[in-house]
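Numbering (the numbering used here), first residue to last: 34 to 584.
Even glycine gets a Cβ: it sits at the ideal position worked out from N, Cα and C.
Below is one structure, written out as C-alpha cells, with a few remarks after it.
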Ligand code: ADP
Ligand code: MG
C-alpha cells in the first residue's frame, strides 16, 4: 500500500459542494445519471482507443450497479478507461465540467433557483454528495504499468489519495456511502432500476442493476421512422438534453447522397441563453457506425442553428478519424451543408403548413436564428424564414414575412420599407414614418440591433429592395395616393420664404455643431421637425454597435 496523502479541494469545488450539500433539491436521483454518464464516457474512450489501434476492447464494456442494504452503500463499477493519479487529481478535485463552473457562478448570483439550475446543467460527479456522507473512487488507468489508486472524501474540504498494491483490471469503481435518509431508497433494486430506466436508458453500454440487465441499447436514429413512437423520441430527447419537457419538434432523416448519414434532431421549446455561457452547450453528437466520436460537435451546424439538439451517425467516415482532423474533413462539410438545408427546409415547411406553430418557434428561437444573415449560401432560404413586426400587424406580437409584406405592397412599389426603433409605440409616432402612414405604405418594425444587420446583408428579397424608411428617397412615394385627402401646401410667398430662411439659420445657430444642416422638408405634414441622418452617413450603425456593446 502506498502512503495516504491529503489534498485540499480547489476553492470552486468547495463552494459547489457547500451549495449541493445544503440544497433542498428534491430530484436527488440525478446523481446516478451523472455517475453512469461518466462511466459511459470512460467506456467510449476505451472503444475509441481500441478502434484507432484497430483492436477490440479486451474486457467486456459494461456498467454494474450493486447495493448493500446493511452497509448502506451503493457501488457503480465500469470497465472504462480509468484514471491515473494525476488524472484523478485533475478531474475530481478541480472543476472539470464546464457546466458545473457555470452552475456555481449562477448559484452565487442567486437569480435563478438552485433546483432549476441543477436540473438544467447537471452537476457532474459532485452531485453524488447530495446523497452521500462519503465517497470512494477506486480506479486503474488503461495506461500500461498504471497503479490502482483510491480517492476518498466526505465532500467537505479535502480528499485523500492512496496507491493500492492490488492488481485490478482497468476501470473505475465508485462506492457511495449513503446518507441515513437516502439509504433505503438507493439500496432498493427496484427503485434503482426505475431511476436507470428514466435517465439512462439510451446509454450505449449494458447497465446491470444487481444481476439484471436494465437498459435496452438502441441506436434510435438508425431505426426505421415508422417503427418509432413519439414517446420514444421524447424519451431520447430528454436523455440527450436533460430537458424535463418533451421537444417542440423532431426531425429524423436518412440521407444517402452525396454522403450517407442518419440524423435525429430536436428543437426544444425554450431557447435558453444562446449568447451567454450556454453557447458552449451546443452541437450535435457525432457517431461513426454507432461509435461516439465526439459529443456536441461544433462544426456540423452553424451557431445560428445552435438550438437544434441531436445526433448524426455516418457510415462514410473512418472510425479512427481524429477529432482534430474532423474540422477540415470534406465529408464533414458535406454532411454539414446537407444538415443545414434539411433544417431550413423543415422550418420552411412548418412555416407554410402552420403559421401559428412557426410563430411559436420564432418566439423561442428567432433571436438566435437571425444571426443566420451571415449564411450567404442559404440567403434565399433564410430570407423566407425571418419575421418582423410590422405597421400592418395588429400589435407588437404580430409577425410578418417578406413574402406577406409583398402581397400587401402597392402595385408599383418595388421596395420593402423598414424602420428601427425602441418600440412599436415610438415607431408609430415617428415623424420619419409620417409620409408612409399617410400613404398607407407598410413599414417593417425593427426592435433589435441585429435586425438592421439582417436587412443590410440581405439587401433584397424576391426582386424588392430592402430600404430603410429613414433614408428613403420620399419622392418615390409621390406616385402613391394619400389615404386621406391632402391639403397640398401652397407655394410660399417671398415674405414667408425669407422668414423661413431666417428661422433655419437661427435654429442652426442655436444647435451649432450638434447638427450638420438644418433644412426645410416636404416630408412632414403633422410634425414640425424631425431629425434625419445625412445621406450616406450611417450614424445609426454606430448607434446599434454601441447598443450591442452596452448589453
Ligand atoms: P464531466 O463528465 O462533464 O467532465 P464530471 O464532474 O462528471 O464532469 O467528471 C469530471 C471528470 O472526472 C470527467 O471528465 C472524467 O475525466 C473523470 N471521471 C469521472 N468519472 C469517471 C469514470 N468513471 N472513469 C473515468 N474518468 C472519470
Ligand atoms: Mg460527467
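Terminal residues of the continuous beta strand (DSSP E) containing residue 105?
Numbered from its first residue, the chain shown carries residue 105 at position 72. No beta strand (DSSP E) contains residue 105, which DSSP labels as neither H nor E.
Sequence-distant residues of the same chain with beta carbon closer than 7 Å to residue 441, five excluded per side
Locating residue 441 in the chain shown gives position 408, counting from the first residue. Result list for residue 441: 425 and 475, in chain order.
If I measure Cβ to Cβ from residue 37 and keep anything under 6 Å in the same chain, skipping five residues before and after, which residues do I get?
Position 4 of the chain shown, counted from the start, is the residue given in the question as residue 37. Cβ within range, chain order: 193 and 195.
C-alpha distance - residue 453 paired with residue 485, whole-angstrom precision
Translated into the one-based positions of the chain shown, residue 453 becomes position 420. Translated into the one-based positions of the chain shown, residue 485 becomes position 452. Spanning the two alpha carbons is a distance of roughly 7 Å.
Where do the ends of the alpha helix (DSSP H) carrying residue 204 lie?
Along the chain shown, one-based indexing puts residue 204 at 171. Residue 204 -> not in any alpha helix (DSSP H); beta strand (DSSP E) instead, spanning 204-211.
Could you check whether the Cβ of residue 182 sits closer than 7 Å to any heavy atom belonging to ligand 3?
In the structure on display, ligand 3 does not appear, and the ligands it does have are ligand 1 and ligand 2.
Residue 574 to residue 123, Cα distance in whole Å?
In the chain shown, the residue the question calls residue 574 occupies position 541. In the chain shown, the residue the question calls residue 123 occupies position 90. The predicted position of residue 574 is uncertain, since its pLDDT is 48 and thus under 50; no value can be drawn from it.
Tell me residue 246's beta-bridge partners as DSSP assigns them.
Residue 246 sits at position 213 when you count from the first residue of the chain shown. Bridge partners of residue 246: 241.
Evaluate residue 245 with the Cβ neighbour count: other Cβ atoms within 10 Å of its Cβ, from every protein chain shown; 16 or more gives buried, anything less gives exposed.
Locating residue 245 in the chain shown gives position 212, where the first residue counts as 1. Residue burial annotation: residue 245 is exposed, with fewer than 16 other C-beta atoms found within 10 angstroms of its C-beta.
Might you give, ordered along the chain, the residues of its own chain that have their beta carbon closer than 6 Å to the beta carbon of residue 360, omitting 5 neighbours on each side?
Residue 360 sits at position 327 when you count from the first residue of the chain shown. Closer than 6 Å at Cβ, skipping near neighbours: 332.
Can the beta-carbon of residue 215 be found closer than 8 Å to that of residue 174?
Residue numbering aside, residue 215 sits at position 182 when the chain shown is read from its first letter. Residue numbering aside, residue 174 sits at position 141 when the chain shown is read from its first letter. Cβ distance not < 8 Å, so residue 215 and residue 174 don't count as in contact.
CA-CA distance, residue 322 and residue 163?
Position 289 of the chain shown holds residue 322. Position 130 of the chain shown holds residue 163. Those two C-alpha atoms are separated by around 37 Å.
Enumerate in chain order the residues of its own chain whose CB-to-CB distance from residue 16 is below 6 Å, with the five nearest sequence positions on each side excluded.
Given that the chain is displayed from residue 34 to residue 584, the structure contains no residue 16 and the question cannot be resolved.
Does ligand 1 have a heavy atom nearer than 7 Å to the CB of residue 72?
In the chain shown, residue 72 corresponds to position 39, counting from 1. Correct: residue 72 has its Cβ closer than 7 Å to ligand 1.
Please work out which residues of its chain come closer than 7 Å, Cβ to Cβ, to residue 463, disregarding the five sequence neighbours upstream and downstream, and give them in chain order.
The count along the chain shown starts at 1 and reaches residue 463 at position 430. Correct list, in chain order: 452 and 454.
Residues bridged to residue 97 (per DSSP):
Against the chain shown, residue 97 aligns to sequence position 64. Answer is 110 and 241.
Residue 45 versus residue 52: straight-line alpha-carbon distance, rounded
The residue given as residue 45 occupies position 12 in the chain shown. The residue given as residue 52 occupies position 19 in the chain shown. Distance between the alpha carbons of residue 45 and residue 52: 11 Å.
Which of helix, strand or coil does DSSP assign to residue 550?
Mapped onto the chain shown, residue 550 falls at position 517. Coil at residue 550, not helix or strand.
With 16 as the cutoff for other CB atoms within 10 Å, does residue 330 come out buried or exposed?
Within the chain shown, numbered from 1, the residue matching residue 330 stands at position 297. Residue 330 should be labelled buried.
Sorted by chain position, which residues of the same chain lie with C-beta nearer than 6 Å to residue 185's C-beta, five sequence neighbours on each side aside?
What you label residue 185 is simply residue 152 of the chain shown in a count that begins at 1. Around residue 185: 169 and 193.
Taking three-plus beta-carbon pairs below 8 Å as touching, is the region 407-421 in contact with the region 486-498?
yes
Return yes when at least one heavy atom of ligand 2 lies under 7 Å from the C-beta of residue 158, else no.
Looking up residue 158 in the chain shown gives position 125. Within the cutoff, so yes.
Through-space distance from residue 318 to residue 480, alpha-carbon basis:
Position 447 of the chain shown, counted from the first residue, corresponds to residue 480. Position 285 of the chain shown, counted from the first residue, corresponds to residue 318. In a straight line, the C-alpha of residue 480 is about 35 Å away from that of residue 318.
Taking the C-alpha atoms as reference points, what is the distance between residue 436 and residue 478?
Mapped onto the chain shown, residue 436 falls at position 403. Mapped onto the chain shown, residue 478 falls at position 445. C-alpha separation (whole angstroms): 15 Å.
Quick one: grab the DSSP three-state call for residue 55.
Walking along the chain shown from the start, residue 55 turns up at place 22. Three-state DSSP puts residue 55 in coil, outside helix and strand.
Mind checking whether the beta-carbon of residue 393 lies closer than 7 Å to any heavy atom of ligand 2?
Counting from one through the chain shown, the residue named residue 393 turns up at place 360. For ligand 2, not one heavy atom lies less than 7 Å from the Cβ of residue 393.
Could you tell me the distance, in whole angstroms, from the CA atom of residue 569 to the CA atom of residue 457?
Residue numbering aside, residue 569 sits at position 536 when the chain shown is read from its first letter. Residue numbering aside, residue 457 sits at position 424 when the chain shown is read from its first letter. Reliability of the predicted coordinates at residue 569 is poor, the pLDDT of 44 falling under 50, and the value obtained from them is presented with this limitation in mind. In this structure, the straight-line span from the alpha carbon of residue 569 to that of residue 457 is close to 26 Å.
Taking 8 Å as the cut-off, decide whether the C-beta atoms of residue 467 and residue 526 are in contact.
One-based indexing of the chain shown puts residue 467 at position 434. One-based indexing of the chain shown puts residue 526 at position 493. For residue 467 and residue 526, no; Cβs fall outside 8 Å.
Can you give the Cα-Cα distance for residue 339 and residue 483, rounded to whole angstroms?
Counting from 1 along the chain shown, the entry for residue 339 is found at position 306. Counting from 1 along the chain shown, the entry for residue 483 is found at position 450. If I take the Cα positions, the gap works out to 17 Å.
Report the three-state DSSP secondary structure of residue 430 (helix, strand or coil).
As a first step, residue 430 is located in the chain shown; it is residue number 397 there, counting from the start. Of the three classes helix, strand and coil, the one that applies to residue 430 here is coil, per DSSP.
Would you mind reading off the limits of the alpha helix (DSSP H) that contains residue 560?
Start at 1 with the first residue of the chain shown, and residue 560 comes out as number 527. Element bounds for residue 560: n/a, residue is neither H nor E.
In the DSSP assignment, what residue or residues form a beta bridge with residue 532?
One-based indexing of the chain shown puts residue 532 at position 499. Per DSSP, residue 532 has no beta-bridge partner at all.
State the CB to CB distance for the pair residue 171 and residue 181, rounded to an integer number of angstroms; the pair is presumed to be in contact (CB under 8 Å).
Taking the chain shown and counting its residues from 1, the one referred to as residue 171 is at position 138. Taking the chain shown and counting its residues from 1, the one referred to as residue 181 is at position 148. Right, their Cβ atoms sit about 7 Å apart.
So, for residue 17: in the same chain, excluding its five sequence neighbours on each side, which residues have a beta-carbon less than 7 Å away from its beta-carbon?
This structure does not reach residue 17, given that the chain is present from 34 up to 584, and the question cannot be answered.
Counting only the same chain and skipping the five closest in sequence on each side, list residues whose C-beta sits under 7 Å from that of residue 367.
Position 334 of the chain shown, counted from the first residue, corresponds to residue 367. Correct list, in chain order: 291 and 292.
Throw me the rounded Cβ distance for the residue 159 and residue 50 pair, which I believe falls under 8 Å.
Here residue 159 refers to the residue found at position 126 when the chain shown is read from its first residue. Here residue 50 refers to the residue found at position 17 when the chain shown is read from its first residue. Going by Cβ atoms, the distance from residue 159 to residue 50 rounds to 6 Å, so yes, they are a contact pair.
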